[in-house]
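Input: a single structure, listed below in structure tokens.
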Amino acid sequence: MLLQTNEIIATFPEVETVVGKSGRANTATDPASLAMLETFITLKPKAEWRKGMTKAKLIKEMNNAIQIDKVWNGFTQPIIGRIDMLATGIRAQVGVKIFGDDPNTLEKLAIEVEGFMNQVPGSSGVAAIRTTGLQYLNIDLDEQKLSQYGIAKMDALSLISAGVGGNIITYTIEGRERYGVEMKLAQQYRQNTEDISSLMLRGKNENMIPLSTVANITLENGPATINSENGIMRSAVQMNVVGTDLASFVREGQAYLDQNLELPNGYYVKWSGQYENQIRAKKRLSVIVPIVIAIIFLILFFTYKDIGLVSIVMLSIPLSMVGGIVALFAVHFNFSVAVWVGFISLFGNAVETGVVIVVYLENAYRKKFGLLSMDEQQNSGETNKEKTLITKEGIKEAVMEGATLRLRPVLMTACTSIIGLFPMLYATGVGAEVQKPLAVVVVGGLTTSVVLTLIVIPLLFSILREKQMKKNNLLLTNTNTI
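Using the working numbering, the first residue of the sequence shown is number 602, and each one after it goes up by one.
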């Protein structure tokens, strides 16, 4: 089977090498199961791919080509795949865990959930982990009959162990290596229950007694594995998500299960996989981001001591978010932790730009009307106690002067940052899936932030100063009265 899948994958022109592995490493730290087949695919440089081919399209083509009965395909990266298995027990992006107390019922519910999830938009490679259906050879020794024939129970168990599983009878030394020599019945003598039933036990008076005479031998169905968490048995349905973000997919999937899945008493479902990591990150960010914004607000307030100026500076945050969100929708990227990291970086850049522009606008305004600049006022500790008559035309001229003074530096800074992010935007190597969303957010946000900041902030500054001066009776609306 492994050779078959490798041959199919190797036919794709984008594939450079393909190596398969069956089973798992002989270590307790490897979470892979014995029934798992792993294929490591190395792709050629993207310049050698077919025209218009993307990673998502390539995965879809490979998944359609590798359709083997009772084999589920899951595409992931080697490291994140192991991390997912260790952290959540799921070998895919998202999983639905079903908890209860009966393995057969759990598998039945898992198969139902598999059918439901296939109907949810964005689901890919949905598979219920089937654990039942394995046959067990059950040998139930009758102690009364063993006593009747003079056979010790330990002798019967030793015969069964040696005949079916084999026993190590001696060791051989090969140089510095030591190997056990195992003895067991040949394959043709242990093919079915009749062969096992005909195993002969030595009874009293050296009589040979068939094993079937003193034991009830049957084949019974049972689970291949019994999975549990916190002492509760569980089954799972695992899947990947394509074309939508994990949070939206889980919300839609849960709504579909609520409408269609009937759970017996004592049974419940829980979503798992990378979705859990996203929820934890979202909870942390929902606390950290407001705190950071509040700290920035307080620092600016202690600097300007003017709630109006601080509000204008903080307005640069939503102005930058506009570009980031538009850019995400334009390139069809979904919200993720990388996207939120990009927004955090974008907020810092936007606030920095807003602070610089507001400082120059304020200094140009004070210089225009002969007031102390912000630096002079902070250094001397003096305030502008003398009342100065101010005109609307003067405020507009000061705003134009301050905005024009910072136009070129702001544009150069933004362009430098955007150009510096181009390698991340067009990256195709390892980690590109994380770099691209972050870069798209920052580039889109900086673009709108600079444009809107240079237009909106000077306008709001002018309105703010006019209202403040008018409130203090220092504003003249007609310059001819001076």
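Yeah, the Cβ is synthetic: ideal placement off N, Cα and C, and Gly gets one too.
With 16 other Cβ atoms within 10 Å as the buried cut-off, status of residue i
i, result
"E1034", "exposed"
"F936", "buried"
"K986", "The predicted model places K986 with a pLDDT of 47, which falls under 50 and marks its position as unreliable, so this point remains unresolved."
"P704", "buried"
"L1110", "The displayed coordinates of the chain run from 602 to 1083. Any statement about residue 1110 would go beyond what the structure contains."
"L1012", "exposed"
"K658", "exposed"
"Y876", "buried"
"Q788", "exposed"
"F700", "buried"
"T618", "exposed"
"D741", "exposed"
"I691", "buried"
"E963", "buried"
"Y961", "buried"
Neighbour flag for residue i against chain C, beta carbons, 8 Å
i, result
"V911", "Included in the structure is just one protein chain, with no chain C present."
Strand pairing of residue i, partner residues [DSSP]
i, result
"F700", "R835, Y869"
"S623", "L638"
"E617", "E617 pairs with nothing; no bridge assigned."
"Y750", "Answer by DSSP bridge pairing: none, since Y750 is not bridged."
"M801", "P811"
"T643", "T618"
"E591", "There is simply no residue 591 to check, as the chain begins at 602 and stops at 1083 in what is shown."
"S829", "M834"
"L742", "A816"
Reduced DSSP secondary structure (H/G/I, E/B, other) of residue i
i, result
"D859", "helix"
"R777", "coil"
"K785", "coil"
"K986", "Residue confidence is low: K986 scores 47 on pLDDT, short of 50, so the model does not pin down where it sits. Its coordinate-derived value is still stated next. Looking at K986 - three-state DSSP - the assignment turns out to be coil, as it is neither helix nor strand."
"P816", "According to the sequence displayed, residue 816 carries Ala and not Pro. Looking at A816 - three-state DSSP - the assignment turns out to be strand."
"G1045", "helix"
"Y1027", "coil"
"M602", "coil"
"N808", "coil"
"M654", "coil"
"V842", "strand"
"N1079", "Any answer about N1079 is weak, because its pLDDT of 45 lies below 50 and its placement is not dependable; what the coordinates show is given next. If DSSP states are grouped into helix, strand and coil, N1079 belongs with coil."
"I1064", "helix"
"M1070", "helix"
"N878", "helix"
"N768", "strand"
"T992", "strand"
"V932", "coil"
"Q1036", "helix"
"S937", "coil"
"L1053", "helix"
Closest Cα partner of residue i within the set the options
i, options, result
"L947", "V1057, I918, G781", "I918"
"L886", "T706, V938, D859", "V938"
"V616", "L1022, P865, K647", "K647"
"A558", "V942, L1006, E953, V932", "One cannot answer for residue 558 here, as it falls past the ends of the chain, which runs 602 to 1083."
"M840", "G823, L604, M718, A753", "M718"
"K622", "L604, A1004, D859", "L604"
"I818", "E778, L710, N739, K698", "N739"
"N664", "V695, G675, M654, T655", "G675"
"M915", "G924, G925, F902, G766", "F902"
"V870", "T1054, I1056, E708", "E708"
"G1046", "I1019, Q1036, Y772, S748", "I1019"
"N861", "E713, E795, T773, P824", "E713"
"G726", "I667, G766, E1067, T706", "I667"
"V851", "V1041, V940, P722", "P722"
"A693", "I770, S873, T773", "S873"
"D670", "V619, I908, T606", "T606"
"E853", "K746, I810, S724", "S724"
"E715", "E998, V942, A837, I660", "A837"
"A825", "S762, E775, L858, I730", "I730"
"K652", "M834, I684, P614, R683", "P614"
"D846", "Q879, E863, G832, I827", "Q879"
"G844", "M755, F934, R791, I926", "F934"
"R791", "G781, S762, V1043", "S762"
"V911", "V1042, T954, V890, R1009", "T954"
"A999", "M834, T733, G949, V959", "V959"
"A611", "G776, I642, V842", "I642"
"Y737", "K997, D743, V765", "V765"
"L1060", "A951, K997, V697", "K997"
"R967", "A1040, S1063, V695", "S1063"
Runs of beta strand (DSSP E) lying entirely within the region 668 to 733, each at least 3 residues, in chain order: Within the region 668 to 733, the complete beta strand (DSSP E) runs of at least 3 residues are 695 to 701, 724 to 729.
In chain order, each alpha helix (DSSP H) run of at least 4 residues that lies wholly inside the region 880 to 926: Look at the region 880 to 926 and you find these whole runs of alpha helix (DSSP H), each 4 residues long or longer: 908 to 915.
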